[in-house]
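Residue numbers (mature numbering (1 follows the signal peptide of the UniProt record, and there is no 0)): -19 to -1, 1 to 348.
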């Protein structure tokens, strides 16, 4: 999880509240990634059935989720699977988002998923290679992504259906604080190519080993759909066209309390949800929503119009299928992203916001 990067990037925006083609052809991905997207109407996007996961002899929805970090240890290492599952069930969520950055963490997530499935809890795998921005080229990020994707898809097959490929790649590819992220020229060309290589490799690896997997595109935030536009069209920041196109099933996005309204964002009052729906015609998952630790009323924000209340009311209009709260436990003391949790870093002491969110979910069944 690159939450520190997100915090840094959003703070910058706070004031604003074909060589690669040949490489992929040699790698055997030309057919998979050079086809063009067909247009999808708003009606088509809205008609997609809400996803379900198995629950005993029946099924349950996946609208409410929360993030965790089994691979980061800290409170997650101190708290056993049974305790975490009981906390998730009490909160009322049915999806637990987890990082997968190595074979070791894939095994950890697989073990948790086996236990959680018995209690009607599913897992969203956030599959992200280690520091793709530091790799030498797009080819290298593709190969590393492909290897990790194959590992994750193989070890989690039959246990996990939903895979997010990468996390917040927008924040290390954007050029600086004077860029909104709405436009292709807001991004560094070489870094964008590395990010694209990682995404393409992850998708190829996951789908080769788990053909039934549902792919969530690497989550972006704020107004950074300029990045997604390029992936969708096969373009890049230097203006060239005809590049490999990753095909994804679900568009993922992040939204935090300092970003204001997701339907009236920034100086232009952009309706981000409308933009995502109309541009890509795919279901939307908010794979991180959260409240900054300095917020005066964290519980009120989380159940208010800019978070849960708003998401529930807008779910059918924009085909929002999941909203995942960041996160279960505080982790600043253990070198994590900060005290965003609904439970303190002892893994046991519940904050008042836990009960606030739980009561909201009880009163508002999944859309």
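Note that CB positions come from ideal geometry on N, CA and C, so glycine has one too.
- Within 10 angstroms of the beta-carbon of residue 129 lie 16 or more other beta-carbons, which makes it buried.
- Residue 288 counts as buried, since at least 16 other C-beta atoms from the protein chains shown sit within 10 angstroms of its C-beta.
- Residue pairing by DSSP leaves residue 213 without any beta bridge partner.
- When the Cα atoms are used, residue 94 and residue 221 turn out to be separated by approximately 42 Å.
- The three-state reading of DSSP puts residue 143 in strand, counting E and B together.
- Distance from the CA atom of residue 82 to the CA atom of residue 231, rounded to whole angstroms, is 21 Å.
- With fewer than 16 other Cβ atoms from the protein chains shown falling within 10 Å of its own Cβ, residue 314 counts as exposed.
- Spatial neighbours of residue 100 in its own chain (CB-CB distance under 7 Å, excluding positions within 5 residues in sequence) are listed in chain order as 66, 70.
- Residue 90 is positioned such that its CB atom lies no closer than 7 Å to that of residue 47.
- Taking each of 341, 329, 158 in turn and checking the Cα distance to residue 285, the smallest one comes out for 341.
- Counting the other CB atoms within 10 Å of its CB gives residue 119 a total of 16 or more, which places it among the buried residues.
- In this structure residue 302 touches residue 264 by the C-beta definition: roughly 5 Å separates them, less than 8 Å.
- By a beta-carbon distance limit of 8 Å, residue 206 contacts residue 260. Their separation comes to about 7 Å.
- In the three-state DSSP reduction, residue 103 falls in the strand class (E or B).
- In the three-state reduction of the DSSP assignment, residue 44 falls in the coil class, being assigned neither a helical nor a strand state.
- Burial state of residue 329 is exposed, judged by a 10 Å Cβ sphere holding fewer than 16 other Cβ atoms.
- Contact annotation: residue 196 and residue 229 have beta-carbon atoms nearer than 7 Å.
- Cβ-Cβ distances below 8 Å link residue 295 to 244, 254, 301 in the same chain, with the five nearest sequence neighbours on each side left out; the list follows chain order.
- According to DSSP, residue pairing for residue 317 in a beta bridge does not occur.
- By the 16-neighbour rule on beta-carbons within 10 angstroms, residue 333 is exposed.
- The C-alpha of residue 201 is placed about 18 Å away from the C-alpha of residue 159.
- Take the alpha-carbon of residue 166 and the one of residue 193: they are about 35 Å apart.
- Collapsing the DSSP output to three states places residue 249 in coil.
- Cβ neighbours of residue 92 within its own chain (closer than 8 Å, five residues either side excluded): 62.
- Under the three-state reduction of DSSP output, residue 71 falls in the helix class.
- Approximately 5 Å separates the beta-carbon atoms of residue 274 and residue 319; this is inside 8 Å, confirming the contact.
- Going by C-alpha positions, residue 183 is about 38 Å away from residue 344.
- Comparing alpha carbon positions, the residue from 135, 157, 56, 117 closest to residue 174 is 117.
- With fewer than 16 other beta carbons inside 10 angstroms of its own, residue 85 counts as exposed.
- Per DSSP, reduced to three states, the secondary structure at residue 80 is strand.
- Scanning 162, 266, 169 for the CA closest to the CA of residue 247 turns up 162.
- For residue 299, the enclosing alpha helix (DSSP H) begins and ends at 289 to 299.
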